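Numbering (my numbering), first residue to last: 13 to 281.
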(Lines of atoms letter the chains of each structure in order from A and count residues from 1; the text may use other names and numbers.)
(Lines give C-alpha, C1' and ligand atoms only; values in the text may rest on other atoms or scores of the structure.)
Protein backbone atom coordinates (compact mmCIF):
# COMPACT_ATOMS: atom_id res chain seq x y z
CA UNK A 1 0.00 0.00 0.00
CA UNK A 2 1.39 3.39 -0.92
CA UNK A 3 1.61 5.98 1.83
CA UNK A 4 -0.77 8.20 -0.13
CA UNK A 5 -3.45 5.47 0.16
CA UNK A 6 -3.13 4.98 3.91
CA UNK A 7 -6.49 6.05 5.41
CA UNK A 8 -5.53 6.77 9.03
CA UNK A 9 -1.77 7.25 9.51
CA UNK A 10 -0.50 6.67 13.03
CA UNK A 11 -1.47 3.99 15.54
CA UNK A 12 -5.07 2.78 15.85
CA UNK A 13 -5.93 0.36 18.68
CA UNK A 14 -9.29 -1.41 19.12
CA UNK A 15 -10.13 -3.08 22.44
CA UNK A 16 -13.19 -5.31 22.84
CA UNK A 17 -14.65 -7.83 25.27
CA UNK A 18 -13.78 -8.74 28.86
CA UNK A 19 -10.84 -6.37 29.26
CA UNK A 20 -10.06 -4.18 32.27
CA UNK A 21 -8.64 -0.65 31.99
CA UNK A 22 -6.28 0.68 34.68
CA UNK A 23 -4.97 4.24 34.73
CA UNK A 24 -1.71 5.56 36.13
CA UNK A 25 -2.07 9.18 37.17
CA UNK A 26 0.49 11.90 37.77
CA UNK A 27 -1.38 14.68 39.55
CA UNK A 28 -4.21 15.78 37.27
CA UNK A 29 -2.65 14.06 34.27
CA UNK A 30 -3.29 10.48 33.13
CA UNK A 31 0.21 9.23 32.44
CA UNK A 32 -0.55 5.71 31.24
CA UNK A 33 -3.25 3.12 30.64
CA UNK A 34 -2.85 -0.62 31.06
CA UNK A 35 -5.39 -2.92 29.43
CA UNK A 36 -5.64 -6.54 30.54
CA UNK A 37 -7.88 -9.47 29.63
CA UNK A 38 -9.67 -11.54 32.27
CA UNK A 39 -7.90 -14.92 32.33
CA UNK A 40 -9.80 -18.19 32.11
CA UNK A 41 -13.18 -16.61 31.35
CA UNK A 42 -15.36 -19.59 30.33
CA UNK A 43 -16.09 -19.73 26.61
CA UNK A 44 -13.69 -16.88 25.80
CA UNK A 45 -10.38 -16.72 23.95
CA UNK A 46 -7.80 -13.96 23.68
CA UNK A 47 -6.98 -12.56 20.26
CA UNK A 48 -4.37 -10.05 19.12
CA UNK A 49 -4.20 -8.96 15.47
CA UNK A 50 -1.66 -6.45 14.12
CA UNK A 51 -1.56 -4.85 10.68
CA UNK A 52 1.01 -2.46 9.25
CA UNK A 53 -0.05 -0.35 6.27
CA UNK A 54 -2.87 -2.82 5.60
CA UNK A 55 -0.71 -5.95 5.71
CA UNK A 56 -0.96 -8.56 8.47
CA UNK A 57 1.93 -8.86 10.95
CA UNK A 58 2.43 -12.05 12.97
CA UNK A 59 2.98 -10.93 16.59
CA UNK A 60 4.18 -14.39 17.58
CA UNK A 61 2.99 -16.32 20.62
CA UNK A 62 1.34 -14.07 23.22
CA UNK A 63 1.12 -15.88 26.59
CA UNK A 64 -1.37 -14.58 29.13
CA UNK A 65 1.59 -13.49 31.27
CA UNK A 66 2.99 -11.25 28.54
CA UNK A 67 3.76 -7.58 29.15
CA UNK A 68 2.99 -5.76 25.94
CA UNK A 69 3.48 -2.08 25.25
CA UNK A 70 3.62 0.50 22.53
CA UNK A 71 6.95 2.32 22.43
CA UNK A 72 6.30 5.79 20.99
CA UNK A 73 9.02 8.38 20.47
CA UNK A 74 9.06 12.12 19.75
CA UNK A 75 5.47 13.00 20.63
CA UNK A 76 4.18 14.33 23.98
CA UNK A 77 3.30 11.66 26.54
CA UNK A 78 -0.04 11.44 28.31
CA UNK A 79 -3.47 9.87 27.85
CA UNK A 80 -6.52 11.96 26.93
CA UNK A 81 -10.20 11.03 26.69
CA UNK A 82 -12.64 11.80 23.89
CA UNK A 83 -15.32 14.31 24.94
CA UNK A 84 -14.74 13.97 28.71
CA UNK A 85 -17.37 16.63 29.49
CA UNK A 86 -20.07 15.09 27.29
CA UNK A 87 -23.39 14.50 29.02
CA UNK A 88 -24.61 10.97 28.30
CA UNK A 89 -27.81 9.22 29.37
CA UNK A 90 -27.28 5.50 29.79
CA UNK A 91 -31.01 4.80 29.95
CA UNK A 92 -31.97 6.51 26.68
CA UNK A 93 -28.62 6.21 24.92
CA UNK A 94 -28.47 9.92 24.22
CA UNK A 95 -25.09 11.63 23.99
CA UNK A 96 -22.17 11.43 21.59
CA UNK A 97 -21.42 7.72 20.99
CA UNK A 98 -17.66 8.40 20.86
CA UNK A 99 -17.43 9.90 24.35
CA UNK A 100 -15.20 7.93 26.70
CA UNK A 101 -17.90 8.39 29.36
CA UNK A 102 -19.73 5.31 28.04
CA UNK A 103 -16.98 3.16 29.58
CA UNK A 104 -18.45 1.87 32.84
CA UNK A 105 -16.21 2.46 35.85
CA UNK A 106 -16.61 -0.45 38.27
CA UNK A 107 -15.39 1.83 41.06
CA UNK A 108 -17.53 4.79 40.02
CA UNK A 109 -20.99 6.05 41.05
CA UNK A 110 -22.92 3.58 38.85
CA UNK A 111 -21.52 0.52 40.67
CA UNK A 112 -19.27 0.13 43.73
CA UNK A 113 -18.52 3.82 44.44
CA UNK A 114 -15.12 2.95 45.97
CA UNK A 115 -11.79 1.23 45.35
CA UNK A 116 -12.35 -2.51 44.99
CA UNK A 117 -8.86 -3.79 44.10
CA UNK A 118 -7.61 -6.26 41.52
CA UNK A 119 -5.49 -9.41 41.32
CA UNK A 120 -2.89 -9.01 38.55
CA UNK A 121 -2.28 -12.76 38.49
CA UNK A 122 -5.84 -13.26 37.21
CA UNK A 123 -5.34 -10.79 34.35
CA UNK A 124 -3.25 -10.84 31.20
CA UNK A 125 -1.72 -10.21 28.89
CA UNK A 126 -1.26 -6.53 29.76
CA UNK A 127 -0.94 -3.86 27.08
CA UNK A 128 0.51 -0.53 28.25
CA UNK A 129 0.18 2.76 26.41
CA UNK A 130 1.47 6.19 27.43
CA UNK A 131 0.15 8.23 24.50
CA UNK A 132 -3.08 8.84 22.63
CA UNK A 133 -6.77 9.60 22.95
CA UNK A 134 -9.22 6.92 24.14
CA UNK A 135 -12.76 6.96 22.75
CA UNK A 136 -15.81 4.71 22.63
CA UNK A 137 -16.26 2.81 19.39
CA UNK A 138 -19.43 0.85 20.19
CA UNK A 139 -22.25 1.34 22.70
CA UNK A 140 -24.50 -1.58 23.65
CA UNK A 141 -28.00 -1.68 22.25
CA UNK A 142 -29.39 -3.35 25.37
CA UNK A 143 -28.99 -2.44 29.04
CA UNK A 144 -26.66 -3.50 31.83
CA UNK A 145 -28.15 -4.37 35.24
CA UNK A 146 -26.83 -5.29 38.68
CA UNK A 147 -28.01 -6.43 42.10
CA UNK A 148 -26.65 -7.80 45.35
CA UNK A 149 -27.21 -11.50 46.05
CA UNK A 150 -29.55 -10.68 48.94
CA UNK A 151 -31.65 -8.34 46.80
CA UNK A 152 -34.17 -9.92 44.41
CA UNK A 153 -34.68 -6.78 42.34
CA UNK A 154 -32.30 -5.63 39.61
CA UNK A 155 -30.96 -2.08 39.40
CA UNK A 156 -30.90 -0.71 35.88
CA UNK A 157 -27.52 0.82 34.96
CA UNK A 158 -28.11 1.34 31.24
CA UNK A 159 -26.06 1.26 28.07
CA UNK A 160 -22.30 0.75 28.22
CA UNK A 161 -19.22 0.75 25.98
CA UNK A 162 -18.46 -2.67 24.49
CA UNK A 163 -15.63 -1.50 22.22
CA UNK A 164 -13.10 1.31 22.65
CA UNK A 165 -10.38 2.77 20.51
CA UNK A 166 -7.05 4.51 21.03
CA UNK A 167 -5.75 6.96 18.45
CA UNK A 168 -2.08 7.98 18.43
CA UNK A 169 -1.14 10.49 15.75
CA UNK A 170 2.53 10.40 14.73
CA UNK A 171 2.47 13.96 13.44
CA UNK A 172 5.76 15.26 14.79
CA UNK A 173 9.04 15.25 12.89
CA UNK A 174 10.87 12.02 13.67
CA UNK A 175 7.98 10.47 15.62
CA UNK A 176 7.92 6.67 15.63
CA UNK A 177 6.03 3.80 17.20
CA UNK A 178 6.78 0.10 17.60
CA UNK A 179 4.90 -2.77 19.27
CA UNK A 180 6.93 -4.42 22.04
CA UNK A 181 6.42 -7.90 23.50
CA UNK A 182 8.30 -8.54 26.74
CA UNK A 183 11.01 -6.00 26.03
CA UNK A 184 11.62 -7.03 22.41
CA UNK A 185 10.19 -5.05 19.48
CA UNK A 186 7.98 -7.20 17.27
CA UNK A 187 9.51 -7.52 13.82
CA UNK A 188 8.10 -5.19 11.13
CA UNK A 189 5.84 -3.22 13.50
CA UNK A 190 7.92 -0.02 13.58
CA UNK A 191 6.26 2.91 11.82
CA UNK A 192 6.92 6.61 11.30
CA UNK A 193 4.93 9.59 10.00
CA UNK A 194 2.65 8.67 7.09
CA UNK A 195 2.52 4.97 8.05
CA UNK A 196 -0.24 3.11 9.88
CA UNK A 197 -0.24 0.44 12.61
CA UNK A 198 -3.58 -1.20 13.52
CA UNK A 199 -3.86 -3.32 16.68
CA UNK A 200 -7.02 -5.24 17.64
CA UNK A 201 -7.10 -6.87 21.10
CA UNK A 202 -10.13 -8.94 22.12
CA UNK A 203 -11.38 -11.34 24.77
CA UNK A 204 -14.40 -12.87 23.05
CA UNK A 205 -16.60 -15.88 22.28
CA UNK A 206 -14.96 -17.44 19.20
CA UNK A 207 -18.18 -19.13 18.10
CA UNK A 208 -20.08 -15.86 18.28
CA UNK A 209 -17.86 -13.24 16.69
CA UNK A 210 -20.86 -11.30 15.38
CA UNK A 211 -22.38 -11.10 18.88
CA UNK A 212 -25.74 -12.30 17.61
CA UNK A 213 -26.41 -14.50 20.63
CA UNK A 214 -26.93 -12.96 24.08
CA UNK A 215 -24.47 -13.80 26.85
CA UNK A 216 -26.21 -12.05 29.73
CA UNK A 217 -23.97 -13.36 32.52
CA UNK A 218 -20.55 -12.67 30.99
CA UNK A 219 -19.76 -9.62 33.13
CA UNK A 220 -19.76 -11.80 36.25
CA UNK A 221 -16.45 -13.24 35.02
CA UNK A 222 -14.84 -9.90 35.95
CA UNK A 223 -15.00 -10.95 39.60
CA UNK A 224 -12.39 -13.60 38.84
CA UNK A 225 -9.88 -10.74 38.64
CA UNK A 226 -11.29 -7.67 40.39
CA UNK A 227 -13.03 -6.99 43.69
CA UNK A 228 -10.45 -8.46 46.09
CA UNK A 229 -11.23 -5.69 48.61
CA UNK A 230 -14.92 -6.64 48.68
CA UNK A 231 -16.63 -9.03 51.05
CA UNK A 232 -18.79 -11.65 49.36
CA UNK A 233 -22.08 -9.95 50.40
CA UNK A 234 -20.84 -6.74 48.74
CA UNK A 235 -20.22 -8.28 45.34
CA UNK A 236 -22.75 -7.38 42.70
CA UNK A 237 -24.35 -9.83 40.31
CA UNK A 238 -24.45 -8.58 36.72
CA UNK A 239 -26.75 -9.30 33.82
CA UNK A 240 -27.94 -7.78 30.58
CA UNK A 241 -31.17 -9.71 30.18
CA UNK A 242 -33.85 -7.02 29.92
CA UNK A 243 -36.34 -7.10 32.81
CA UNK A 244 -40.06 -7.56 32.13
CA UNK A 245 -40.65 -3.90 31.31
CA UNK A 246 -38.29 -4.21 28.32
CA UNK A 247 -40.28 -6.86 26.49
CA UNK A 248 -40.01 -4.82 23.29
CA UNK A 249 -36.26 -5.53 23.01
CA UNK A 250 -35.30 -8.39 20.67
CA UNK A 251 -34.08 -11.68 22.08
CA UNK A 252 -30.98 -11.45 19.90
CA UNK A 253 -29.02 -8.45 21.10
CA UNK A 254 -26.00 -6.92 19.39
CA UNK A 255 -23.73 -5.73 20.88
CA UNK A 256 -24.19 -7.49 24.20
CA UNK A 257 -24.03 -5.16 27.22
CA UNK A 258 -22.62 -7.86 29.49
CA UNK A 259 -19.51 -8.01 27.26
CA UNK A 260 -18.61 -4.49 28.36
CA UNK A 261 -15.18 -2.91 28.76
CA UNK A 262 -14.44 -2.64 32.50
CA UNK A 263 -12.96 0.60 33.78
CA UNK A 264 -11.13 0.92 37.11
CA UNK A 265 -11.21 4.56 38.10
CA UNK A 266 -9.32 4.24 41.41
CA UNK A 267 -7.26 1.04 41.52
CA UNK A 268 -3.96 1.49 39.69
CA UNK A 269 -2.20 -1.33 37.83
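Where a beta carbon is used, it is the ideal one built from N, C-alpha and C, also for glycine. Remember, predicted model here, so these are calculated numbers, not experimental data.
Short Cβ contact (8 angstroms threshold) for residue i with residue j
i: residue 231; j: residue 270; result: yes
i: residue 32; j: residue 239; result: no
i: residue 118; j: residue 215; result: no
i: residue 147; j: residue 110; result: yes
i: residue 212; j: residue 201; result: no
i: residue 6; j: residue 235; result: Any property of residue 6 remains undetermined from this structure, which presents the chain solely from 13 to 281.
i: residue 53; j: residue 135; result: no
i: residue 171; j: residue 102; result: yes
Own chain residues within Cβ distance below 7 angstroms of residue i, not counting five before or after
i: residue 20; result: 208
i: residue 122; result: 116 and 169
i: residue 162; result: 245
Continuous beta strand (DSSP E) stretch holding residue i: start and end
i: residue 45; result: 41–50
i: residue 209; result: 208–216
i: residue 85; result: 79–85
i: residue 7; result: Since the first and last residues shown for the chain are 13 and 281, residue 7 lies out of range.
i: residue 140; result: 135–141
Beta-carbon contacts of residue i that lie in its chain and below 6 angstroms, excluding the five residues immediately before and after
i: residue 42; result: 35 and 91
i: residue 126; result: none
i: residue 203; result: 189 and 209
i: residue 175; result: 28, 149 and 150
Cutoff 8 angstroms; reference residue i; Cβ partners in own chain excluding five residues on either side
i: residue 229; result: 250, 251 and 270
Residues bridged to residue i [DSSP beta-bridge criterion]
i: residue 227; result: In DSSP, residue 227 forms no bridge with anything.
i: residue 198; result: Per DSSP, none; premise fails for residue 198.
Pairwise C-alpha distance: residue j and residue i
i: residue 64; j: residue 181; result: 15 angstroms
i: residue 61; j: residue 70; result: 8 angstroms
i: residue 196; j: residue 46; result: 18 angstroms
i: residue 28; j: residue 86; result: 28 angstroms
i: residue 206; j: residue 18; result: 8 angstroms
i: residue 142; j: residue 164; result: 43 angstroms
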